[in-house]
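Asks: I am attaching a structure below and will ask some questions about it afterwards.
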Amino acid sequence: MAPAVEFREVARTFGTAASTVRAVDRVSLSVEAGEFFAMLGPSGSGKTTCLRLIAGFELPDDGQVLLEGRDVSSVPPYERNVNTVFQDYALFPHMTVAENVAYGPRMRKVRFADRSARAREMLDLVKLRGFEDRRPAQLSGGQKQRVALARALINQPKVLLLDEPLGALDLKLREEMQLELRNLQRRLGITFIYVTHDQGEALSMSDRVAVFNSGRIEQMAPARELYSKPRTAFVARFVGGANVVEGEAAQKLAGVPQPFAVRPESVRLLAPEDPTPAGSVSADGSVLDVQFHGATNRWQVKLDAGDVFTATLNAAHDLRVPEAPGERVRLAWPRESMVMLESA
Amino acid sequence: MTSATAPPGFPPSRPVIEGFLSPRSISSFLYRRQTFYLLLLLVPPLLWLGTVYLGTLFALLTQSIYSIDEFTARIVRTPTLATYKQLLTQPANLDIVLRTVTMAICVTLAAAVIAFPIANYMVRYASPRTKAVFYVAVLVPMWTSYLVKVYAWRLILAKEGILSWMFQAVGAQGVLDTILELPGIGGPSLASSYLGMFIVFVYMWLPYMILPIAAALERVPGSLLQASADLGAHPSQTLRAVIIPLVMPGLAAGSVFTFSLTLGDYIIPSIVGAPGYFIGMMVYQQQGTAGNIPLAAAFSVIPIVLIAIYLALVKRLGAFDAM
Numbered sequence: 001m002a003p004a005v006e007f008r009e010v011a012r013t014f015g016t017a018a019s020t021v022r023a024v025d026r027v028s029l030s031v032e033a034g035e036f037f038a039m040l041g042p043s044g045s046g047k048t049t050c051l052r053l054i055a056g057f058e059l060p061d062d063g064q065v066l067l068e069g070r071d072v073s074s075v076p077p078y079e080r081n082v083n084t085v086f087q088d089y090a091l092f093p094h095m096t097v098a099e100n101v102a103y104g105p106r107m108r109k110v111r112f113a114d115r116s117a118r119a120r121e122m123l124d125l126v127k128l129r130g131f132e133d134r135r136p137a138q139l140s141g142g143q144k145q146r147v148a149l150a151r152a153l154i155n156q157p158k159v160l161l162l163d164e165p166l167g168a169l170d171l172k173l174r175e176e177m178q179l180e181l182r183n184l185q186r187r188l189g190i191t192f193i194y195v196t197h198d199q200g201e202a203l204s205m206s207d208r209v210a211v212f213n214s215g216r217i218e219q220m221a222p223a224r225e226l227y228s229k230p231r232t233a234f235v236a237r238f239v240g241g242a243n244v245v246e247g248e249a250a251q252k253l254a255g256v257p258q259p260f261a262v263r264p265e266s267v268r269l270l271a272p273e274d275p276t277p278a279g280s281v282s283a284d285g286s287v288l289d290v291q292f293h294g295a296t297n298r299w300q301v302k303l304d305a306g307d308v309f310t311a312t313l314n315a316a317h318d319l320r321v322p323e324a325p326g327e328r329v330r331l332a333w334p335r336e337s338m339v340m341l342e343s344a
Numbered sequence: 001m002t003s004a005t006a007p008p009g010f011p012p013s014r015p016v017i018e019g020f021l022s023p024r025s026i027s028s029f030l031y032r033r034q035t036f037y038l039l040l041l042l043v044p045p046l047l048w049l050g051t052v053y054l055g056t057l058f059a060l061l062t063q064s065i066y067s068i069d070e071f072t073a074r075i076v077r078t079p080t081l082a083t084y085k086q087l088l089t090q091p092a093n094l095d096i097v098l099r100t101v102t103m104a105i106c107v108t109l110a111a112a113v114i115a116f117p118i119a120n121y122m123v124r125y126a127s128p129r130t131k132a133v134f135y136v137a138v139l140v141p142m143w144t145s146y147l148v149k150v151y152a153w154r155l156i157l158a159k160e161g162i163l164s165w166m167f168q169a170v171g172a173q174g175v176l177d178t179i180l181e182l183p184g185i186g187g188p189s190l191a192s193s194y195l196g197m198f199i200v201f202v203y204m205w206l207p208y209m210i211l212p213i214a215a216a217l218e219r220v221p222g223s224l225l226q227a228s229a230d231l232g233a234h235p236s237q238t239l240r241a242v243i244i245p246l247v248m249p250g251l252a253a254g255s256v257f258t259f260s261l262t263l264g265d266y267i268i269p270s271i272v273g274a275p276g277y278f279i280g281m282m283v284y285q286q287q288g289t290a291g292n293i294p295l296a297a298a299f300s301v302i303p304i305v306l307i308a309i310y311l312a313l314v315k316r317l318g319a320f321d322a323m
């Protein structure tokens with residue numbers, strides 16, 4: 001079976017002749033039917049442009065976009081079987097909730113009775129029954145989010161595109177919606193393509209994650225693999241918040257010729273005079289700051305080798321009282337916790 | 001804080017004058033009494049609007065329920081509906097009303113049809129630079145003298161004028177002649193036909209239609225149009241189901257301008273067009289040469305009533321729901 005979405009060397013450039021920005025730089029990817037696929041990256045990394053290329057709001061300058069094997073590179077949005085949940089929800093302010101949800105079928109000339117029944121089903125699905133006659137202005141952020149979801153799902157799309165859909169919600173609601181979205185996707189079996197800049201969200205929800213950086217995909221892998229085996233320094237930092245040692249420092253500290261990453265939770269904190277444990281690498285430095293995060297303490301240490309390292313320690317075992325910044329410490333991490341990265 | 005404790009490098013703070021009627025005590029008094037502050041700001045302009053504007057309007061309307069003595073030409077100050085009866089039963093007067101209203105409707109429709117694509121282009125498609133050029137192009141004609149523009153149009157539309165010369169130059173004299181022979185809108189030349197008058201009206205009031213529509217379009221987020229296309233709506237469906245309903249308040253505002261300006265104007269009909277009278281000319285003549293103030297007042301009530309009816313109608317159609 002053809003993949004639900006496929007990019008072949010897709011490029012999209014913005015700007016005038018004088019100054020151009022390569023928003024998407026020869027990206028190739030393929031998303032299988034029924035997959036929960038996340039596009040993760042900082043703002044301006046090209047992830048949203050990729051989503052808009054799938055929806056048809058942008059057309060590629062070069063390369064091909066395929067939906068279920070069909071080349072849609074120059075097909076307008078209204079002729080593609082994909083639907084979008086917008087970041088700002090984009091609900092029609094002059095229509096009621098029911099009218100918003102029934103908009104897709106109405107444009108396809110479905111009879112009023114039929115489309116109203118479908119809209120009620122969709123509102124059941126997102127647990128908004130009874131809100132049919134409200135206007136978008138009378139809804140809370142979370143409710144608007146659900147209406148946008150119902151409106152996008154009513155056309156029974158093959159692929160649902162979600163553009164930072166939870167960005168405007170508060171933390172608790174966001175966590176609730178993450179769970180609900182994941183369950184909904186499993187239940188409906190629709191391909192979800194989810195754009196976010198929140199690595200926690202991407203890792204917890206998706207089957208596979210593509211990490212974007214300046215218009216290219218740095219790495220595309222299942223969430224666990226992305227976390228445990230980052231391929232580049234960018235992925236290690238952005239996804240795992242890992243400490244990355246590059247260049248000469250890598251050779252000097254650990255005797256390896258290539259850059260490597262160490263996750264903050266693998267780093268141990270020792271007194272400056274303590275010996276280096278067997279099978280570990282150690283480095284000396286001075287404390288910059290200690291942040292209390294409830295379950296963990298996060299120590300920021302400036303290494304003498306130059307890099308700033310983060311060590312996350314379980315607060316229950318880390319009972320020492322942080323002294324003033326500048327305190328000398330020794331950091332150590334087991335050799336097997338080091339992830340070797342591609343040289344830049 | 002006093003000047004003694006000011007940090008070095010900062011100018012000493014102004015010495016505080018404490019006491020009744022010092023600047024500070026007045027400002028904090030006004031801060032505490034918000035209502036008083038509002039009244040202070042609002043009463044003078046409201047007084048001006050109330051007496052000068054509404055008062056004179058009311059005085060004018062009162063005139064319309066008086067009548068004029070046919071023999072002495074004196075105004076009889078007893079309330080009567082005789083003037084309105086005269087206005088609405090005499091075929092000549094009724095003709096004027098119908099002619100003016102028909103023209104106003106035609107001008108409004110044409111202005112809306114022409115203005116919408118221009119405004120849409122300005123707001124959605126033009127680059128910031130082109131957009132600025134468009135706004136200036138729309139506004140500049142409003143800065144030039146009204147009379148100059150009308151007379152210029154008379155020359156453009158005249159029998160030997162620019163337009164007829166152009167028709168001749170491209171060998172389409174026959175087309176112009178056929179148009180001018182049409183009953184009702186035609187005439188000896190464009191400058192003395194209702195069609196010519198219509199063209200000038202549309203030209204004159206077009207900015208008043210473009211600007212409110214453009215303002216309304218600016219408030220429609222692009223994501224709504226994308227959402228509509230995303231859900232399967234063709235561009236024409238998006239236009240009907242999303243853009244036009246959301247632009248309705250602007251369209252209503254613009255049409256009130258073009259409609260009422262056409263209803264009240266007396267300069268364009270007296271310089272360009274066929275000899276038939278318009279409401280504005282009638283008001284001008286009745287209060288001037290004819291000295292029939294009550295009839296002039298009654299004529300000027302008509303646009304007010306028509307606009308009120310029009311607004312009630314568009315409100316009922318839901319034009320302001322999206323506001």
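Protein chains in written order, with my numbering: chain A, 1 to 344; chain L, 1 to 323.
Even for Gly, the Cβ is constructed at its ideal location relative to N, Cα and C.
For Thr310 of chain A, report the span of its beta strand (DSSP E) as first-last.
Replies: Taking the first residue of the first sequence as position 1, residue 310 of chain A is located at position 310. Val308 to Asn314 is the extent of the beta strand (DSSP E) around Thr310 of chain A.
Asks: Just reading off the alpha helix (DSSP H) that Ser255 of chain L is part of, what are its end residues?
Replies: Working through the second sequence from its first residue, we reach residue 255 of chain L at position 255. Here the alpha helix (DSSP H) through Ser255 of chain L covers Ile244 to Gly264.
Asks: Taking its Cβ as the centre, do 16 or more other Cβ atoms sit within 10 Å of Phe14 of chain A, making it buried, or is it exposed?
Replies: The residue you call residue 14 of chain A lines up with position 14 of the first sequence. Exposed, since its Cβ has fewer than 16 Cβ neighbours within 10 Å.
Asks: Roughly how many angstroms separate the alpha carbons of Ser214 of chain A and Val27 of chain A, rounded to a whole number?
Replies: Walking along the first sequence from the start, residue 214 of chain A turns up at place 214. Walking along the first sequence from the start, residue 27 of chain A turns up at place 27. Whole-angstrom Cα-Cα distance: 11 Å.
Asks: Return helix, strand or coil for Lys85 of chain L, following the three-state DSSP convention.
Replies: For the purposes of this step, residue 85 of chain L is taken as the residue at position 85 of the second sequence. Helix at Lys85 of chain L.
Asks: Indicate whether at least one CB of chain A lies closer than 9 Å to the CB of Ala73 of chain L.
Replies: Locating residue 73 of chain L in the second sequence gives position 73, where the first residue counts as 1. It does not: the Cβ of Ala73 of chain L has no partner Cβ on chain A nearer than 9 Å.
Asks: In angstroms, rounded to a whole number, what distance separates the CA positions of Leu203 of chain A and Pro245 of chain L?
Replies: As a working note, residue 203 of chain A is residue 203 in the first sequence. As a working note, residue 245 of chain L is residue 245 in the second sequence. Between Leu203 of chain A and Pro245 of chain L, the C-alpha separation is close to 42 Å.
Asks: Quick one: what's got a C-beta closer than 7 Å to Gly306 of chain A's C-beta in the same chain, skipping five residues either side?
Replies: As a first step, residue 306 of chain A must be located in the first sequence, where it is residue number 306. Closer than 7 Å at the Cβ level, and outside the excluded window around Gly306 of chain A, lie Ala249.
Asks: Can you grab the Cα-Cα spacing for the pair Trp143 of chain L / Gly104 of chain A, in whole Å?
Replies: Sequence index remark: in the second sequence, residue 143 of chain L carries index 143 (1-based). Sequence index remark: in the first sequence, residue 104 of chain A carries index 104 (1-based). Approximately 46 Å between the Cα atoms of the pair.
Asks: Within the continuous alpha helix (DSSP H) that includes Leu226 of chain A, where are the two ends?
Replies: Locating residue 226 of chain A in the first sequence gives position 226, counting from the first residue. Here the alpha helix (DSSP H) through Leu226 of chain A covers Ala223 to Ser228.
Asks: Less than 7 Å between C-beta atoms, sequence neighbours within five positions excluded: which residues of the same chain meet that for Val195 of chain A?
Replies: As a working note, residue 195 of chain A is residue 195 in the first sequence. So the list reads Met39, Lys47, Thr48, Leu51, Leu162, Asp163 and Glu164, once near-sequence residues are dropped.
Asks: Counting C-beta neighbours from all protein chains within 10 Å, is the total for Ser74 of chain A 16 or more, i.e. buried, or is it exposed?
Replies: Here residue 74 of chain A corresponds to residue number 74 of the first sequence, with the count starting at 1. Result: exposed.
Asks: Going by C-alpha distance, which of L:Ala252, L:Ser192, L:Ala229 and L:Tyr203 is nearest Ala215 of chain L?
Replies: As a position in the second sequence, residue 215 of chain L is number 215, starting the count at 1. Of L:Ala252, L:Ser192, L:Ala229 and L:Tyr203, the residue nearest in Cα terms is L:Ala252.
Asks: Between A:Arg115, A:Lys172 and A:Ser343, which has its C-alpha nearest Pro259 of chain A's C-alpha?
Replies: Within the first sequence, the letter at position 259 stands for residue 259 of chain A. Per the Cα distances, A:Ser343.
Asks: Between Gly44 of chain A and Arg8 of chain A, how many whole angstroms is the CB-CB distance? I'm expecting something under 8 Å.
Replies: To locate residue 44 of chain A, count along the first sequence from 1; it is residue 44. To locate residue 8 of chain A, count along the first sequence from 1; it is residue 8. With a Cβ gap of about 24 Å, Gly44 of chain A and Arg8 of chain A do not count as contacting.
Asks: Could you tell me whether the Cβ atoms of Val220 of chain L and Val247 of chain L are closer together than 9 Å?
Replies: Mapped onto the second sequence, residue 220 of chain L falls at position 220. Mapped onto the second sequence, residue 247 of chain L falls at position 247. It is a contact, given that the beta carbons lie within the stated cut-off.
Asks: Mind listing the chain L neighbours of Asp88 of chain A? Cutoff is C-beta to C-beta under 9 Å, in chain order.
Replies: By one-based count along the first sequence, residue 88 of chain A stands at place 88. Within 9 Å Cβ-Cβ: Pro221 and Ser223.
Asks: Do we get a CB-CB distance below 9 Å when we pair Val242 of chain L with the residues of chain A?
Replies: If you number the second sequence from 1, residue 242 of chain L lands on position 242. At least one chain A Cβ lies under 9 Å of Val242 of chain L.
Asks: Is there a C-beta anywhere in chain L that falls below 9 Å from the one on Val82 of chain A?
Replies: Taking the first residue of the first sequence as 1, we reach residue 82 of chain A at position 82. Yes - at least one Cβ of chain L is within 9 Å of the one on Val82 of chain A.
Asks: Could you check whether the Cβ of Met122 of chain A sits closer than 9 Å to any Cβ belonging to chain L?
Replies: Mapped onto the first sequence, residue 122 of chain A falls at position 122. Chain L contact via Cβ: absent.
Asks: Taking the continuous beta strand (DSSP E) assigned at Gly285 of chain A, which residues delimit it?
Replies: Here residue 285 of chain A corresponds to residue number 285 of the first sequence, with the count starting at 1. Its beta strand (DSSP E) spans residues Ser280 to Phe292.
Asks: If you follow the beta strand (DSSP E) that Glu9 of chain A is in, where does it begin and where does it stop?
Replies: Indexing the first sequence from 1 puts residue 9 of chain A at position 9. Here the beta strand (DSSP E) through Glu9 of chain A covers Val5 to Gly15.
Asks: Does the beta-carbon of Glu70 of chain L have 16 or more other beta-carbons within 10 angstroms, so that it is buried, or is it exposed?
Replies: Mapped onto the second sequence, residue 70 of chain L falls at position 70. The residue in question, Glu70 of chain L, is exposed, as its Cβ has fewer than 16 Cβ neighbours within 10 Å.
Asks: At a CB distance below 9 Å, what residues from the stretch 34-48 of chain A approach chain L? Give them in sequence order.
Replies: Residues passing the 9 Å Cβ filter: none.
Asks: Tell me the DSSP bridge mates of Trp333 of chain A?
Replies: The residue given as residue 333 of chain A occupies position 333 in the first sequence. In DSSP, Trp333 of chain A forms a bridge with A:Val281.
Asks: Would the stretch 146-158 of chain L and the stretch 166-182 of chain L be scored as touching if the rule is three or more Cβ pairs under 8 Å?
Replies: Cβ pair count under 8 Å is below three, so no.
Asks: Measure the CB-CB distance between Phe292 of chain A and Gln300 of chain A and report whether it falls below 9 Å.
Replies: Start at 1 with the first residue of the first sequence, and residue 292 of chain A comes out as number 292. Start at 1 with the first residue of the first sequence, and residue 300 of chain A comes out as number 300. No, they are not a contact pair.
Asks: Flag Ser3 of chain L as yes if its beta-carbon sits less than 9 Å from any beta-carbon of chain A, otherwise no.
Replies: Walking along the second sequence from the start, residue 3 of chain L turns up at place 3. Any reading at Ser3 of chain L is ruled out, since the residue's pLDDT is 46, under 50, leaving its predicted position unreliable.
Asks: If the criterion is Cβ atoms closer than 9 Å, does the pair Met209 of chain L and Phe257 of chain L meet it?
Replies: Position 209 of the second sequence holds residue 209 of chain L. Position 257 of the second sequence holds residue 257 of chain L. Yes. Within cutoff.
Asks: Using a beta-carbon distance below 9 Å, is Ala152 of chain A in contact with chain L?
Replies: Here residue 152 of chain A is taken as the residue at index 152 of the first sequence, counted from 1. Yes, Ala152 of chain A lies at the interface with chain L (some Cβ there is under 9 Å from its Cβ).
Asks: At a CB-CB cut-off below 7 Å, which residues of chain L make contact with Tyr103 of chain A?
Replies: In the first sequence, the residue the question calls residue 103 of chain A occupies position 103. Those within 7 Å of Tyr103 of chain A in chain L are Leu231.
Asks: For Asn100 of chain A, name the three-state secondary structure that DSSP assigns.
Replies: Counted from its first residue, the first sequence places residue 100 of chain A at position 100. Reduced to three states, the DSSP call for Asn100 of chain A is helix.
Asks: Residue range of the alpha helix (DSSP H) that Phe198 of chain L falls in?
Replies: Taking the second sequence and counting its residues from 1, one reaches residue 198 of chain L at position 198. It spans Tyr194 to Glu218 - the alpha helix (DSSP H) in which Phe198 of chain L sits, taken as one unbroken run.
Asks: What is the DSSP secondary structure of Lys357 of chain A, reduced to helix, strand or coil?
Replies: Here chain A has residues from 1 to 344 only, and residue 357 of chain A is not among them.
Asks: Quick check on Val109 of chain A: buried or exposed, where buried means 16 or more other Cβ atoms within 10 Å of its Cβ?
Replies: By 1-based counting over the first sequence, the position of residue 109 of chain A is 109. The residue asked about is misnamed: residue 109 of chain A is Lys in this sequence, not Val. Looking at its Cβ environment, which holds fewer than 16 other Cβ atoms inside 10 Å, Lys109 of chain A is exposed.
Asks: Might you give, ordered along the chain, the residues of its own chain that have their beta carbon closer than 6 Å to the beta carbon of Leu295 of chain L, omitting 5 neighbours on each side?
Replies: Within the second sequence, residue 295 of chain L is the residue found at index 295, counting from 1. The residues are Thr83 and Gln286.
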